[in-house]
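Notes follow the structure.
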Amino acid sequence: MSLGLASRLARREVRRRPGRTLLVALLVALPTIALGGAAIIVATAQRSPTERFRDHYGYTDFVVDVGGPSVEGAPRDPTAALLKAARSAFGDGTQVAPLSYSSLPARVQGTTAQRGQRSKNLFVHTADLRDPQIAPLYELRSGRAPAAVGEVVVSTKLANSWNLEPGDTLTLSRPALSGTVVGVVRDRTNYDWTGLVGLPGNAFTLPENAGRSLLLVDTPQPVSHSRVTRVVEAGLAARPEQLYTAERNEFEATSDPVLLLGGVFAVVGFAVLSIIVAAAFATSARRQLVTIGQLAANGAPRRLLRTSLALQGAWSAASGLALSAVLLGLGFGFSRSTLATVLGRDVSKLRVPVGQLIAIAVIATVASTVAAYLPARSATRVSVLDALAGRRPLASVPRRLLPIGIVTFAAGVGLELLTTLAVTGGNGSGGSESSVFLISGALGALLLLGGMCCISPALVSVFGPLARRLRGAARLTARSIARTRPRTAAVVSSIAAFAAVGIAASTFMVTDRAHSAATNAFLPDNVVILSANSCPNPVPGGAQSADVEQTSITEPCVVAEPNAATAREVEEILGSAKKAPLRWATFDAAPVDPSAPPVTDALVLQEPGAIRVATTELLKLIGLSDDDRASLTQNGILAIGEPGQWADGQIQEPGANLLNLRLRTRSGDVTVQAATNRDALRYYGFGSFLITETKAAALGLPLREAGAQYTLPHRISEEQRVELSFLSYGDVGRNFAGTSLNISYSYFQPAITSGTIEAAIALGVLVITLLIVAIGLGLSATEGKDERDVLVAIGARPGTLSSLSGLRAFALSAFGVLLAIPVGLVPSIVVIHASQSGEQRPEGPIVPWLTIVLLLAIPFVAYAIARASSSIGRRLRPVHMSNFAFD
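Counting in the UniProt record's numbering, the sequence shown runs from 1 upward without gaps.
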């Protein structure tokens, strides 16, 4: 009976206060929509290997990859041989459809292409779209399928980039190829595909660019993988790994961590939101004091009052959940094409993880109920007379609250540290993520938030003593905040919670991107290296030297100057790139004698007859540490490689920092000592040794310039990458008679840079924090309404009221942001240091200064907006004695 009465009272209060109910409902609905939508998207994206096989190959029964290394005894025509063997085993209704893939760096002729899109790396599919097995794999958007060798269909992305439509002639200037466009298609499994489809024998499928070559087989009867294996081995002599069926294929099973991860994110996310929900209920609890007093005066037990106030949170959450259910249903019901665009493939069916959605709803309800219960505990302690009078005596902050908050926060940091060490194994190598680690990480986050909420009342309490030292509007603001300390502390905590989450997310994201770039040791995506080697000894048949066994003495390959025309073309492609010549200390390398005895007490340097000079641009590029730079300066020669690479006990003693380097020249061996790098590098693609100009002069090694390092002010564009591939294709890594060209650059264009990620996160944090500040100030304005009316009654100037609103906004947002900085940074720094422990060269955390600067600007923005809003509000609805409202 008491629970039913409490529920009826709660429903009545929820209906009587639509503003607060709407606020709480939206605060519950927004994260519910985000988490629920993410759960639906991830559940829909996850597919079993069998489902992925069906998506990629349609109703095909099995697929044979015949594009790998040839097998001894394999037939010349694999399609005919497989068709014969399959029909013999499975019946005359068996059909075989060939499908092959290749790549083609291409430049379109003409000016119809979009700016910066003239050159593309095309992915060419060779297949007959009229075949019943091939047709379901593509979506024909317009036109028709190719019916002749000279006809092609292009992908939607290529059609948009080059402004192609059915009936156009696709003409490439490099390579010189052409074909008639008869349609536009989209790969159902890859919407980002940029390329074309043509019949076997089309001009765009070049043999030297050949990739995978598949045979799709459809049988009139169900087949097992073991039976198919026997048939394929007999017909094609194909290895088992070249055979794929729905039962066993190249696709891997994906794990399903969504339930646990979604639960963890829901707990942490709603814990953050519950802080501002608690602020909303704390503000409204003061306005319900009269109701509480009336119920208490009529004998209502304190437990009933607390339950009624807490259930207001549950009913408000129910409103938010109903709203989110409607929006999710409408969103996914009418935007299946949008979901397909997000996933980049066709969506055959929508998977709704009911269990995960129920878990999210339960967590949201519990969070809202607890958020309403916390201020209810203090509101129900007010005496009946004070409650009936609408007064709530202000108690002092318990002295134990601040130590409890600090200890709780420290416990949260410690738990996050222990969790990180457990996950990474204490050495940064990364371990398996189990449910225990995820739950402990969520518990640590809750402790961090709890500690912050305990600390905020102590911080807000400083406004009381501060008010005695201030004058004017600042004094009024400080006294107003001090009188409403409990509700103000809740507002400050809500602002700090959201800002701290943003700071932590920015720190982890920016550090992770920088750490990945450093540990992967890839060439930066704005740098191009041009170099060349001269190899005077011809290799029979033009084969690579690695494929030919050398039995006689040969001349060494040496550093050479790249062709002048090629260098000019590289500079034209790169445009505004800054050029830094590559400098070399050269020596007359002796001929290569394969029969010479091996050297075990030194490193022998013979080819390419040069050591790279350590220029300023080069040292900056490879990321040489200060200690290693000092070793290079002191010794003159530095052997670079993975730390500890040279300590094999022969050429370098364990623990030593020097090794013996032997330059093999025509006039005899020259042995010198080289220092070794102790720290990891950011790039290892410059050979094994660096030398200073001073050391080269001391050894009598002539200096020469050959090649160049080009640094662009921006990332290399896709068009520039394709143009560079025209120059280097077929030449990189070759070692045949003559001069071989080497062009080094980042071959893959990252989708997004670290700076873009940091800016996006910082902007998102700024917008969300400003929204929370606006909500908090709205709640705080409710507390200050009576004070504003009193100021109007005693004749306060309009400017004073505007200043009061602006200063209140500034103070609350400033305290929230200042509290958020250590709350967000301290655990992030500790966790990052722990995750990188044991690495040779830990990068350490990177502070997201952009995010912090934007957050520090929030108080000033809040001040300006609040002051302007106050002025506009007074003009729209002037405050007079006749429209005062007292609660």
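Ideal Cβ positions, reconstructed from N, Cα and C, are used throughout, including at glycine.
Because the structure is a prediction, the values reported are computed rather than measured.
- Using a Cβ distance threshold of 7 Å, GLY235 and LEU82 count as a contacting pair.
- DSSP links ALA675 through a beta bridge to LEU638, LEU658.
- Excluding its 5 nearest sequence neighbours in each direction, GLY201 has C-beta neighbours in its own chain below 8 Å: VAL149, listed in chain order.
- Residue ranges of uninterrupted alpha helix (DSSP H) with 4 or more members, entirely inside the region 131-164 and ordered along the chain, are 156-162.
- At least 7 Å separates the beta-carbon of ALA809 from that of PRO353.
- Straight-line spacing of the CA atoms in ALA759 and THR219 works out to 54 Å.
- Apart from the 5 residues on each side of it in sequence, SER102 sits with its Cβ closer than 6 Å to the Cβ of VAL124, THR205, ASN209, ALA210, GLY211 in its chain, given in chain order.
- Here the C-alpha atom of SER805 lies approximately 15 Å from the C-alpha atom of ILE858.
- Runs of the alpha helix (DSSP H) lying entirely within the region 578-637, each at least 4 residues long, are 616-622, 626-635 in chain order.
- Only residues of its own chain outside the window of five on either side were considered, and among them ILE33, GLY36, GLY37 have a CB closer than 7 Å to the CB of LEU328, listed in chain order.
- Put simply, of ARG12, VAL823, GLY641, LEU632 the residue whose alpha carbon is nearest the alpha carbon of TRP315 is ARG12.
- Counting along the chain, LYS120 sits inside no alpha helix (DSSP H); it lies in the beta strand (DSSP E) bounded by residues 119-126.
- The alpha helix (DSSP H) runs lying completely inside the region 431-480 and spanning 4 residues or more are 435-460, 463-467, given in chain order.
- Residues ALA489, VAL492, SER493 of the same chain have their beta carbon placed closer than 6 Å to that of SER456, with the five preceding and five following residues left out of the count.
- Ranked by Cα distance from PRO175, the options HIS833, ASN121, VAL847 are led by ASN121.
- For ALA497, the closest C-alpha among the options ALA708, PRO486, ALA127, LEU446 is that of LEU446.
- Fewer than three Cβ pairs drawn from the region 566-579 and the region 622-638 lie within less than 8 Å of each other, which leaves the two stretches out of contact.
- ILE276 sits in a helix when the DSSP states are folded into three classes.
- VAL63 places its beta carbon 7 Å or farther from that of LEU199.
- Distance between GLY764 and VAL847, taken at the CA atoms: about 17 Å.
- Within the same chain, ALA278 come within 7 Å of LEU374 by CB-CB distance, once the 5 residues on both sides are set aside.
- Exclusion of the five residues before and after THR566 leaves LEU727, LEU741 as the residues of its chain whose Cβ lies within less than 7 Å of its Cβ.
- If you draw a straight line from the Cα of LEU304 to the Cα of LEU311, it comes to about 10 Å.
- Less than 7 Å divides the Cβ of THR507 from the Cβ of SER828.
- In the structure shown, SER803 falls within a helical segment according to DSSP collapsed to helix, strand and coil.
- If only uninterrupted beta strand (DSSP E) runs of at least 3 residues are considered, none is enclosed by the region 278-360.
- One Cα belongs to GLU723, the other to LEU621, and the distance between them is close to 23 Å.
- Between SER531 and the set ALA500, VAL501, THR554, VAL570, the nearest pair of CA atoms involves VAL570.
- Taking a C-beta distance under 7 Å as the contact criterion, LEU582 and GLY707 qualify as a contact pair.
- By the neighbour-count criterion, in which 16 or more other beta carbons inside 10 Å mark a residue as buried, GLY451 falls on the buried side.
- Following the DSSP letters along the chain, one finds ALA81 inside the alpha helix (DSSP H) bounded by residues 78-90.
- The continuous alpha helix (DSSP H) containing ARG227 extends over residues 225-236.
- Secondary structure of PHE251 (DSSP, three-state): coil.
- In this structure, GLY623 places its C-beta atom within 7 Å of the C-beta atom of LEU681.
- In the three-state reduction of the DSSP assignment, ALA857 falls in the coil class.
- Residue environment for PRO845: buried (at least 16 other C-beta atoms within 10 angstroms of its C-beta).
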